[in-house]
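Chains as they are written, first to last, in the numbering used here: chain W, 65 to 348; chain B, 57 to 274.
Built from N, CA and C at the ideal position, the CB exists for glycine as well.
Right, one structure below, let's go through it.
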């Protein structure tokens, strides 16, 4: 209302006022200051909110580690088990997926003083653990202590030396690896842990797999084997793993293509299934 | 004149709008995560994180005893502790996921910073941990290794001593959460822990006495 009358008056004496009235610098400065403050708050809030969510595992952000530079990602089939006597011809060094020993290594925040059998450690990765390895010739003293402090007593973490590791430090999660220089303060270590430890989207087993294992002797774990696995080793596609050898009895598993799904689902004993062999449980 | 006035009004309107949006952002900032869910700095989230870590070690120790102990009373209490705490860990982890929080504490996060009393260190009367940097009552790696190496009555006694200290060490966290957690169901769980672990403490003390031993010096 008041502005309406003002406007009328202003229109009447328009030309002279426009020419003589100085620019409202005070108002302009105030507006600019308010704008700057708002933009600052916006920016700060945006950075804080996105930081706290960046490495948080959610339905929309199933693998936050893709935002970390130098992480190697590979897809591996899970749940392929080998016996304590068998070895796996892994495609990576250290391995971070593939067939593994049926008995997983204890990963309850455990620091292994000596190198441990790869086949045992890979199984723990499948349960959602992070395995930190280091080259014992390069990572020592204070730097080693820093790595230990990230693991000792921390759930779903394990640490072990890895002879002849091609980088000083290497982090492993199921299907993920990050190799680093000799810098335990590298921020990517914590980002890797946050993104992948107990990440329920990694594999089916990572959603509830335990790190405790009563049958794994932590005081005397199966040792790391330096020699390359022989031609009888289980291959990365699972040929020769326990499931195959059980089906084929004593003979080597040479013909996996002739073992389609119905055969593998009905082992000789038939114990797991109450339904007659060959009858699909249609009623369920 | 009208043009300039319109400009000024427009700028003021924009500024007011931005201020409103900025306030909205600040409110979001103060509670990152879905609305009404406890935020990262809350007692609820801190308790569920730290108590999970604390519980997981008790589950480890109880699992060792449940598997290899020959004493049926010790085996029974170990199984009790293991199954109850596994269930509670699952509950806490489920809540954290539904609150949009990490399932475990962030790497390097300080222990017990969420507590309204006596966080960040020692509360008088609480047992120490087996090593510096661990939460009260927690066993060190060396103590766990020693536990795994023992047999017979020696094992029973050391297990009871470690578990007793573990229970007592976790009580301050449970007390704090029972009073200060924002969600009723979190307070209820914390109260449940206080009650059930309190009776287990008395029982384990009695078992120790029967075996001619005493709690670890605290």
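DSSP, read as helix, strand or coil, puts residue 165 of chain W in strand.
For a Cβ distance threshold of 8 Å, residue set 276 of chain W lies close to residue 115 of chain B, ordered along the chain. Going by DSSP, residue 241 of chain W is part of the beta strand (DSSP E) stretching over 240-244. In summary, residue 152 of chain B is buried, with 16 or more beta-carbon neighbours lying within 10 Å of its beta-carbon over all protein chains present. The beta strand (DSSP E) runs of length 3 or more contained entirely in the stretch 204-234 of chain W are, from start to end of the chain, 221-225. With respect to residue 233 of chain W, residue 244 of chain W sits close: the two C-beta atoms are nearer than 8 Å.
Residue 192 of chain B has no beta-bridge partner at all, per DSSP. In the three-state DSSP reduction, residue 265 of chain W falls in the coil class, being neither helix nor strand.
Bounds of the alpha helix (DSSP H) holding residue 151 of chain B are 128-154. Nearest neighbour of residue 251 of chain W by Cα position, chosen from B:164, B:191, B:62, turns out to be B:164.
Contact of residue 118 of chain W with chain B by beta-carbon distance below 9 Å is absent, the smallest such distance being about 12 Å. Contact with chain W is absent for residue 154 of chain B, since none of that chain's Cβ atoms lies less than 8 Å from the residue's Cβ. Where residue 72 of chain B is concerned, the enclosing alpha helix (DSSP H) starts and stops at 58-86.
Looking at the backbone, the Cα of residue 210 of chain B and that of residue 123 of chain B are separated by about 16 Å. Under the DSSP assignment, residue 198 of chain W falls in the beta strand (DSSP E) whose first and last residues are 194-198. Within the DSSP secondary-structure output, residue 236 of chain W pairs in a beta bridge with W:195, W:241. Taken through DSSP and simplified to helix, strand or coil, residue 160 of chain W comes out as coil.
Judged by DSSP secondary structure, residue 172 of chain W falls within the beta strand (DSSP E) whose first and last residues are 172-175. The alpha carbon of residue 82 of chain B has as its nearest neighbour, out of W:91, W:110, W:220, W:276, the alpha carbon of W:110.
Judged by DSSP in its simplified three-state form, residue 135 of chain W adopts coil rather than helix or strand. Put simply, the CB of residue 162 of chain B is near chain W, with a gap under 8 Å to one of its CB atoms. For the pair residue 260 of chain W and residue 196 of chain W, the CB atoms are not nearer than the 8 Å cut-off.
Using a CB distance cut-off of 8 Å, residue 213 of chain B does not count as an interface residue toward chain W. Beta bridge pairing from DSSP links residue 125 of chain W with W:122. Looking only at W:242, W:246, W:305, the smallest Cα-Cα distance to residue 138 of chain W is reached by W:242. Within the stretch 103-137 of chain B, the residues whose Cβ lies closer than 9 Å to some Cβ of chain W are 108, 109, 112, 113, 115, 116, 119, 120, 122, 123, 124, listed in chain order. The Cβ-Cβ distance between residue 194 of chain B and residue 222 of chain B falls below 8 Å. In the three-state reduction of the DSSP assignment, residue 236 of chain B falls in the helix class, which pools H, G and I. Less than 8 Å divides the Cβ of residue 293 of chain W from the Cβ of residue 151 of chain W. Annotated three-state conformation of residue 223 of chain B is helix, per DSSP. Under the 8 Å criterion on CB atoms, residue 148 of chain B is classed as non-interfacial with respect to chain W.
Secondary structure at residue 257 of chain B: helix, using DSSP grouped into helix, strand and coil. Here the alpha carbon of residue 132 of chain B sits roughly 25 Å from the alpha carbon of residue 273 of chain B. In this structure, the beta-carbon distance from residue 71 of chain B to residue 98 of chain W falls below 8 Å. Cβ atoms of residue 285 of chain W and residue 169 of chain W come within 8 Å of each other, at about 7 Å. Taken through DSSP and simplified to helix, strand or coil, residue 167 of chain B comes out as coil.
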